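These notes are about the structure you will find just below.
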Ligand code: FNR
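Residue numbers (full-length UniProt numbering): 1 to 349.
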């Protein structure tokens, strides 16, 4: 059995039930979270043969930052419940693997402390109803060394999770999350997500921070184009790990349309959701993603093995990608092209 496949069960042994449920669950009926991995697995490959694959080079850049492999860590909340050092442990693990960390705006670690790690990190934000709060977060991220702002756009309201019993919010201690908000100066209403945004918000963030803006949560080619036209440096094809509109199409299914809409532009395309194996990464790169993000596996790895667990997860996935590149007849991600992949089961793709 792969170590990666043991992680969730091992994490469940260590975590309070409410935290494990919070990490794993999707919204509403759980359709999208349930389909995500199967959609990647439904692709079929048309490997090339008689190519020199003696040397595999997986290194690439994301918005100019070099990474050892195109496998990054998605932003997620409540990391201090997985490991007492939370985002710092996650960052240390990511740094040792030569990757990039997405940091949730709800993080339980100050941006200044994250900056001290020296690990490349991108701040994910929600624009909230009280714009001053968003501004203060953006303003704190810049001196903290964030290299990009990841604007999550699939959350005009938070998707309903069907909880049963104690929730993670009841368990959370002050300081375990929302560490970057000025204490006592905000109410729950202030943090309601803004539901009246337009693509103009992309330029507003870029101007305020001087950083590239990555739009997270795009599932359609026309929206990807609107983001690029408004100045987005990248988009992440994402359905938020199946935690927003349940029944949203799998990202494996959405990626080709988005990649096609942005072909020939300088806007980079990334994807997340259900990516668990080298073959899934291979398909994503062939279909036009420059890199993939993993969400839950990083939380499980952090729970089970702390920072070294995160490093192992990323290196294991990189090793699997290297192996599948060789089997596909491609020596580097840049050799992958869409003709390498065809949809498999018509039911899913
Ligand atoms: C998330 N995700 C998320 N996304 C975001 O933009 N801001 C956030 O604060 C969070 N928080 C969060 C918490 C937890 C527990 C999970 C599981 C996910 C979504 C995340 O960035 C990513 O889109 C998905 O997790 C990717 O899917 P996989 O890899 O988990 O299947």
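Glycine is no exception: its CB is placed at the ideal position from the N, C-alpha and C atoms.
In this text the structure is predicted, and so the values were computed from the model without any measurement.
Query raised in the report: Taking residue 64 as the reference, which of 12, 142, 108, 147 has the closest Cα?
Result: For this step, residue 64 is matched to residue 64 along the chain shown. For residue 64, the nearest C-alpha among the options comes from 147.
Query - Contact test: residue 106 Cβ vs the ligand FNR heavy atom, cutoff 8 Å - result: As a first step, residue 106 must be located in the chain shown, where it is residue number 106. The answer is yes for residue 106.
Report task. Mind the definition here: the region 79-95 touches the region 327-337 only if three or more C-beta pairs lie below 8 Å; say whether that holds. Result -> no
Query raised in the report: CB residue 214 to CB residue 270, shorter than 9 Å?
Result: Position 214 of the chain shown, counting from 1, holds the residue named residue 214. Position 270 of the chain shown, counting from 1, holds the residue named residue 270. The answer is yes: Cβ separation under 9 Å.
Query raised in the report: Is it right to say residue 320 is buried, meaning 16 or more other beta carbons lie within 10 angstroms of its own, or is it exposed?
Result: By 1-based counting over the chain shown, the position of residue 320 is 320. Buried.
Requested in this report: Consult DSSP for residue 4 and reduce its assignment to one of helix, strand or coil.
Outcome: Counting from 1 along the chain shown, the entry for residue 4 is found at position 4. Three-state DSSP puts residue 4 in a helix.
Query raised in the report: Which partner residues of residue 45 appear in the DSSP bridge assignment?
Result: For this step, residue 45 is matched to residue 45 along the chain shown. Answer by DSSP bridge pairing, in chain order: 341.
Requested in this report: Run the proximity test for residue 2: is its beta-carbon closer than 8 Å to any non-hydrogen atom belonging to the ligand FNR?
Outcome: In the chain shown, the residue the question calls residue 2 occupies position 2. No.
Requested in this report: Grab the span of the alpha helix (DSSP H) containing residue 225 for me, first residue to last.
Outcome: Translated into the one-based positions of the chain shown, residue 225 becomes position 225. Element bounds for residue 225: 221-229.
Requested in this report: Would you give the residue range spanned by the alpha helix (DSSP H) that residue 16 belongs to?
Outcome: Here residue 16 corresponds to residue number 16 of the chain shown, with the count starting at 1. Careful: residue 16 lies outside any alpha helix (DSSP H) and carries neither H nor E.
Query raised in the report: Would residue 248 be called buried (16 or more neighbouring beta carbons within 10 Å of its own) or exposed?
Result: Against the chain shown, residue 248 aligns to sequence position 248. Counting Cβ neighbours within 10 Å, residue 248 comes out buried, since at least 16 surround it.
Requested in this report: Kindly examine the ligand FNR and report whether one of its heavy atoms sits closer than 8 Å to the Cβ of residue 152.
Outcome: Translated into positions along the chain shown, residue 152 becomes position 152. It does: the Cβ of residue 152 is within 8 Å (strictly closer) of some heavy atom of the ligand FNR.
Query - As assigned by DSSP and simplified to three states, the class of residue 88 - result: If you number the chain shown from 1, residue 88 lands on position 88. It is helical.
Report task. Decide if the region 303-319 is in contact with the region 78-89; the criterion is three or more beta carbon pairs, one per stretch, under 8 Å apart. Result -> yes
Query - First through last residue of the beta strand (DSSP E) which encompasses residue 200 - result: In the chain shown, counting from the first residue as 1, residue 200 sits at position 200. Counting along the chain, residue 200 falls outside any beta strand (DSSP E), though it belongs to the alpha helix (DSSP H) covering 200-209.
Query raised in the report: Just curious, the alpha helix (DSSP H) that residue 253 is in, first and last residue?
Result: For the purposes of this step, residue 253 is taken as residue 253 along the chain shown, with counting starting at 1. Counting along the chain, the alpha helix (DSSP H) containing residue 253 begins and ends at 251-262.
Requested in this report: Kindly examine the ligand FNR and report whether one of its heavy atoms sits closer than 8 Å to the Cβ of residue 133.
Outcome: Residue numbering aside, residue 133 sits at position 133 when the chain shown is read from its first letter. Outside the cutoff, so no.
Query raised in the report: Does the region 173-193 come close enough to the region 254-266 that 3 or more CB-CB pairs lie under 8 Å?
Result: no
Query raised in the report: How big is the Cα-Cα spacing for residue 34 and residue 40?
Result: Locating residue 34 in the chain shown gives position 34, where the first residue counts as 1. Locating residue 40 in the chain shown gives position 40, where the first residue counts as 1. Approximately 12 Å, taken between the alpha carbons.
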